[in-house]
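Residue numbers (our numbering): -13 to 246.
Yeah, the Cβ is synthetic: ideal placement off N, Cα and C, and Gly gets one too.
Below is one structure, written out as structure tokens, with a few remarks after it.
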Amino acid sequence: MEFKTLLLTIDDGIATVTLNRPDVLNAVNMDMRADFTALSERLFFDEDIKVIVFTGAGRAFSSGGDIGHFEKEWLTPTFRAHSRRITKFFDDIEALEKPVIAAINGPATGAGLELALACDLRYASTQATFGFRENFISLIPGVGGCVRFVRHIGLANAKELIFTGSMIPAQEALGMGMVNRVFEHDTLLDEVMTIAKKLRKRSPQAIGLAKRTLNIVANMDHYNGQLVEGLAQSILLKTEDHQEGIRAFREKRKPEFKGR
-13 MEFKTLLLTI
-3 DDGIATVTLN
7 RPDVLNAVNM
17 DMRADFTALS
27 ERLFFDEDIK
37 VIVFTGAGRA
47 FSSGGDIGHF
57 EKEWLTPTFR
67 AHSRRITKFF
77 DDIEALEKPV
87 IAAINGPATG
97 AGLELALACD
107 LRYASTQATF
117 GFRENFISLI
127 PGVGGCVRFV
137 RHIGLANAKE
147 LIFTGSMIPA
157 QEALGMGMVN
167 RVFEHDTLLD
177 EVMTIAKKLR
187 KRSPQAIGLA
197 KRTLNIVANM
207 DHYNGQLVEG
217 LAQSILLKTE
227 DHQEGIRAFR
237 EKRKPEFKGR
């Protein structure tokens, strides 16, 4: 599968997706939106892919939407249709029953930050910075950014950063809960790959249902959340991987999960 703006490599079950427009800080243009749509199909249905890592080429993760996209004289319904397209991709990442990691190697703004927020785990380089600067062109984060920002860092922090358009460094983002960990810039990808390899060895069904369950119960009351949790557990109890896990425990060896 060929992409115009993305590089996709797959190595031993780990798919690395590199946003590849380094000359414009990996800004998201129409070609990248189309590539995202095609990529979604591959990530969902390629059973050899167990873990996905997003990163950026050059010195940025992504500077967000290409300014040319917002300069056009859009018909309002057409603009909304294009917005739904990229919103669906971010929603797909969240729904994908595989762990998705953002290796944030530099500035992540606008749609770039929205992409990172849609991922399950976010690991930042010491050179990474974060923010929504849409206010400077009289817009707001519009493809899930407001919703996910509040979920990850709370209403007060989200309001401050969106109102002011401020960029914050990786350590401050860590303190807010925006990222999981911060690594030295030169070791970021190595550290992320170590984590990805660890996840690849875990039960894919257990991770997939844990992801779906956690995403669902985050927006549920306690009673209904426990109901979803119990249903997921009852499904996993019947899998071959569960039986393999029990055998491995009894035999004092590492389990070999098959995703069945």
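In this structure, Val168 sits away from Ala89, with a CB-CB distance that is not shorter than 8 Å. Closest in C-alpha terms to Gly130, from the list Ile232, Cys105, Ile53, Ala196, comes Cys105. In this structure, Phe47 sits near Ala94, with a CB-CB distance shorter than 8 Å.
Take the alpha-carbon of Val214 and the one of Lys197: they are about 12 Å apart.
Listed in chain order, the non-local C-beta contacts of Ile79 below 7 Å within the same chain comprise Val86, Ala104, Cys105, local neighbours out to five positions each way being set aside. When the Cα atoms are used, Val136 and Lys74 turn out to be separated by approximately 19 Å. For Ala13, no alpha helix (DSSP H) segment is defined, and its DSSP state is neither H nor E. For Asp227, same chain residues with a beta-carbon under 6 Å away, outside a window of 5 residues either side, are Ser189, Gln191, Phe243 in chain order. Among the bridge pairs identified by DSSP, Tyr109 is matched with Ala89, Arg167. When Cβ pairs closer than 8 Å are counted between the two stretches, the region -12 to -1 is seen to touch the region 26 to 39, the count reaching three or more.
In this structure, Gly(-1) lies away from Ile53, with their beta-carbon atoms at least 8 Å apart. Counted as a single uninterrupted DSSP element, the stretch harbouring Gly51 is not any beta strand (DSSP E), since DSSP gives it neither H nor E. With respect to the C-alpha of Arg71, the residue from Ile139, Asn121, Met18 having the closest C-alpha is Met18. Bounds of the alpha helix (DSSP H) holding Phe235 are 226 to 237.
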